[in-house]
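To keep things clear, I will list the structure first and then write my remarks on it.
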């Protein structure tokens with residue numbers, strides 16, 4: 001049995017959501033998702049201390065957070081830290097725009113993921 005993980009990335013996953021999953025959901029649904037890297041691309045990622053001062057200013061401006069030109073980089077970072085919402089993921093936004101909700105499984109709890117149980121059964125029966 002082949003493992004699909006090496007073929008999957010965020011572009012392919014979002015394409016699958018748009019072209020395959022969403023068109024086949026006839027009513028608002030709850031999508032249960034783990035935290036695979038291709039499920040977890042962050043939208044509007046907050047800048048870190050590694051970013052340039054101008055990048056931080058740009059992020060603050062895009063997020064309507066007021067600051068003054070004289071603020072130093074460390075002060076700007078404080079504004080970022082105080083105003084950064086929890087992560088917003090591309091896949092979640094795409095599903096939400098189409099009337100669906102996402103329930104994310106906690107990290108390292110594959111025992112809660114039904115597909116992992118199915119894969120386990122399928123791999124055992126393949127032997």
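Numbering (full-length UniProt numbering), first residue to last: 1 to 127. All residues carry an ideal CB built from backbone N, CA and C; glycine is no exception.
In the three-state reduction of the DSSP assignment, residue 25 falls in the coil class, being assigned neither a helical nor a strand state. Contact annotation: residue 60 and residue 80 have beta-carbon atoms nearer than 8 angstroms. By the beta-carbon neighbour count (other beta carbons within 10 angstroms, threshold 16), residue 109 is exposed. The C-beta separation of residue 33 from residue 88 comes to about 14 angstroms, leaving the pair out of contact by the 8 angstroms criterion.
The DSSP assignment places 30 to 33, 101 to 104 as complete runs of the beta strand (DSSP E) inside the UniProt domain "Tc1-like transposase DDE" (4 to 124), in order along the chain (cut-off: 3 residues). With contacts defined as CB atoms closer than 8 angstroms, residue 91 and residue 13 qualify as a contacting pair.
Apart from sequence neighbours up to five positions away, the residues of its chain that approach residue 46 with a beta-carbon distance below 7 angstroms are 59, 80, 84, ordered along the chain.
Between the alpha carbons of residue 124 and residue 112 lies a distance of about 19 angstroms. Taking every protein chain shown into account, the CB of residue 72 has fewer than 16 other CB atoms within 10 angstroms, so this residue is exposed.
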